[in-house]
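Asks: Below you will find the structure I want to go over with you.
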Amino acid sequence: MKKLALHWKILLGMLFGVILGLVMTTFEGGKELVQDWVKPFGTIFINALKLIAIPLILAALIKGVSDLKDISKLSKMGGRTIGIYISTTIIAVTIGLFLVNMVNPGYSISENTRQEMVGNYADNTTQYKETAKAQKEAGPLKALEDLVPENIFSSATSNRNMLQIIFFSLFFGIGLILIPEDKGSTVKKFFDGFNEVILKMVDLIMLAAPYGVFALLAALVVESPSIDLFKALGWYSLTVILGLLLMIIIYIVLVFVFTKKKPNFFINGISPAQLLAFSTSSSAATLPVTMERVTEHLGVEEEVASFVLPIGATINMDGTSLYQAVAAVFIAQAFGMDLSFSTQLGIIATATLASIGSAAVPGAGMVMLVGVLGYAGIPEAGLALIFAVDRPLDMSRTTVNVTGDAAVSMLVAKSIGKLGEPKVKNWDDNYTGK
Ligand code: ASP
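As structure tokens, this is what we get:
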């Protein structure tokens, strides 16, 4: 019998998870059963992925930079990567703003629904506002200051410090290029081997992916709020989803135009990472898989992927920026505010920066949204309005974030002659644990 491709297995896992969740919500105690006996497997799966994110960045970036053997190549690749990342983010925010102004989802919320939601969810959003307030109080150069840790071991203790780990790895890689080859070769070999081991660990974890997503989705369904809330926020959610779909189409077109790779090649290659991004709502947890798919299935050479993807996972969040633009205008509309054209232009800039600043973890986009609201003078109480549907939208925007990183890695690789043939032709056949 022909083996089922990995993305089908993951999709089936998701489907069975949703079915189990729905069945378990129909009787008393079902929710608790799922929380006690199924959810932990989802948590174990996500933890296993997160566990290797920092070692992966460290090994992959050091290996990637030292493979380049030349600092000028690094700055060329760096310039292109950042340039394309910022351009796609600006495109995403602009699409979000355009759609939200066309659909006007905020006008379909009645005064009563608005007050009810703001009342019900106000408590849930306090913590978001506090985090955002702390960020606002920091000076303008705080982000730059945070980039350079005073102790690499303490930064490696939290997945939120990925930019610091990236900084250290780049710095270390540059140092490695600059020392004589005979002195650096052992260190380089060590990181080469280390990187291989981590990638093999990703393969092994992916064997469990269908079961992991099954558990995650079952838990999500039993814990989700009532369907009525989704209806009230239907137009808003649809606007975000429509924008996100447009972004996926834009990536497919960009990849086709610049690399001549067909849409199904790109989608088949990246789909397991997309499904995982959807199930985990975290670009950081998905990073190991994105890395593996892009190098082994999309033909991007490792030295490009190991540079472009970790940076992308932390700063390139097109889905998040699009969502922030739509959410900001939606809240403004629901509160009866009219946003001027210049304020909307400002939203392009603030949402771009806010998405760069968002951590690659669930819900981070909503924390940073507070900054966008603050800039445009939109009431922060509006966060409570969109809180109920944030999780499904987070899942969807994370999928776009990850797809964007993969597409950009192909464009950058092509532009510097580092896009080859995929190592694995049949996209499932390295998952044998061999
Ligand atoms: N969860 C998203 C990510 O990891 C960030 C966000 O909340 O938008 O990419």
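Be aware that the sequence shown starts at 544, since it is given in the working numbering, and climbs by one per residue.
Glycine included, each C-beta is placed from N, C-alpha and C at the ideal position.
These figures come from a predicted structure and were not determined experimentally.
(1) By how many angstroms is the C-alpha of A602 removed from the C-alpha of S822?
(2) Apply the 10 Å Cβ neighbour rule to Y650 and answer buried if 16 or more other Cβ atoms are within range, or exposed otherwise.
(3) Taking all protein chains shown into account, do 16 or more other C-beta atoms lie within 10 angstroms of the C-beta of N978, making it buried, or fewer, making it exposed?
(4) Please classify D579 as buried or exposed, where buried requires at least 16 other C-beta atoms within 10 Å of its C-beta.
(5) Can you tell me whether D972 is buried or exposed? The criterion is at least 16 other CB atoms within 10 Å of its CB, across all chains shown.
(6) Cβ of N704 versus every heavy atom of ligand 1: is any distance shorter than 6 Å?
(7) Tell me, please, which residues DSSP counts as bridged to V843.
(8) Rounded to whole angstroms, what's the CA-CA distance from A763 to R934? Just pull it up for me.
(9) Measuring straight from C-alpha to C-alpha, what distance separates L563 and W778?
(10) Considering only the alpha carbon of each residue, which of L760, D735, E571 lies closest to G556?
(11) My parser needs the alpha helix (DSSP H) runs of 4 or more residues fully inside the segment 740-793; what are they?
(12) Report all residues from its chain with a CB closer than 7 Å to the CB of M880; omit the five preceding and five following residues, and keep chain order.
(13) Closest to D735 by C-alpha separation, out of F641, V608, S824, would be which residue?
(14) So, is G963 buried or exposed, given that buried needs 16 or more other C-beta atoms within 10 angstroms?
(15) Rounded to the nearest angstrom, how far is the Cβ of T632 from that of T895, given a contact under 8 Å?
(16) Are R836 and A816 closer than 7 Å when you measure CB to CB?
(17) Count the other CB atoms within 10 Å of the CB of T946; is the residue buried (16 or more) or exposed (fewer)?
(18) At 4 residues or longer, and completely inside the segment 837-920: list those alpha helix (DSSP H) runs for me, N to C.
(19) Between the alpha carbons of G812 and L547, how many angstroms are there, rounded?
(20) Kindly indicate which three-state DSSP category E693 falls into: helix, strand or coil?
(21) Is the closest heavy atom of ligand 1 to the C-beta of A907 under 6 Å?
(22) If you run the structure through DSSP and keep just helix, strand and coil, what is D613?
(23) Exposed or buried, which one is S615 when buried takes at least 16 other CB atoms within 10 Å?
(24) Cβ of N859 versus every heavy atom of ligand 1: is any distance shorter than 6 Å?
(25) Just checking T978 against ligand 1 - is the residue's beta carbon closer than 6 Å to any of the ligand's heavy atoms?
(26) Going straight from the alpha carbon of I709 to that of V913, what length do you get?
(27) Quick check on DSSP: helix, strand or coil for N738?
(28) As a quick exercise: from F878, G960, A919, V967, pick the residue whose alpha carbon is nearest that of G655.
(29) Look at the alpha carbon of S728 and the alpha carbon of I720, and state the distance between them as a whole number of angstroms.
(30) Closest by CA to N702, which one among V910, F559, I597, L565?
(31) Cβ-heavy atom distance between T637 and ligand 1 below 6 Å?
(32) Report yes if the C-beta distance between A635 and D861 is below 7 Å; otherwise report no.
Replies: From the atom records:
(1) Approximately 26 Å between the Cα atoms of the pair.
(2) It counts as exposed.
(3) For residue 978 there is no data in the structure shown, the boundaries of the chain being 544 and 977.
(4) Classified as exposed, D579 has fewer than 16 neighbouring CB atoms from the shown chains inside 10 Å of its CB.
(5) Residue placement at D972 cannot be trusted, given a pLDDT of 46 that sits under 50; what the coordinates show is reported in the next sentence. Counting Cβ neighbours within 10 Å, D972 comes out exposed, since fewer than 16 surround it.
(6) For N704, the shortest C-beta to heavy atom distance toward ligand 1 is 6 Å or greater.
(7) In DSSP, V843 forms a bridge with L962.
(8) The amino acid occupying residue 763 in the given sequence is Leu; Ala does not appear at that position. Using only the alpha carbons, I get a separation of about 9 Å.
(9) Computed Cα separation, rounded: 28 Å.
(10) For the residues L760, D735, E571, the minimum Cα distance to G556 belongs to L760.
(11) The segment 740-793 contains these whole alpha helix (DSSP H) runs: 752-766, 770-775.
(12) So the qualifying residues of the chain are I921.
(13) Of the listed residues, the one whose Cα sits closest to D735 is V608.
(14) Of the other Cβ atoms in all chains shown, fewer than 16 fall within 10 Å of the Cβ of G963; this residue is therefore exposed.
(15) Their Cβ separation, rounded to whole angstroms, is 5 Å, which keeps T632 and T895 in contact under 8 Å.
(16) In this structure, R836 sits near A816, with a CB-CB distance shorter than 7 Å.
(17) Around the CB of T946, 16 or more other CB atoms lie within 10 Å, so the residue is classed as buried.
(18) Fully enclosed alpha helix (DSSP H) runs of 4 or longer: 845-858, 861-877, 884-900, 907-919.
(19) Distance between the alpha carbons of G812 and L547 is about 15 Å.
(20) Coil at E693, not helix or strand.
(21) Yes, since a heavy atom of ligand 1 falls inside the 6 Å radius drawn around the Cβ of A907.
(22) In the structure shown, D613 sits in coil (DSSP, three-state: anything other than H, G, I, E or B).
(23) Exposed: under 16 other Cβ atoms inside 10 Å.
(24) Checking every heavy atom of ligand 1 against the Cβ of N859, none is found closer than 6 Å.
(25) This structure gives no information on residue 978, because the portion of the chain shown stretches from 544 to 977.
(26) Going by the C-alpha atoms only, they are around 26 Å apart.
(27) In the structure shown, the three-state DSSP call for N738 is helix.
(28) The question names Gly, but residue 655 is Asn in the sequence shown. Considering only alpha carbons, the answer is F878.
(29) Near 10 Å, if we compare the C-alpha coordinates of I720 and S728.
(30) Here the closest residue by C-alpha is I597.
(31) No - ligand 1 has no heavy atom lying nearer than 6 Å to the Cβ of T637.
(32) Result yes, Cβ atoms of A635 and D861 sit closer than 7 Å.
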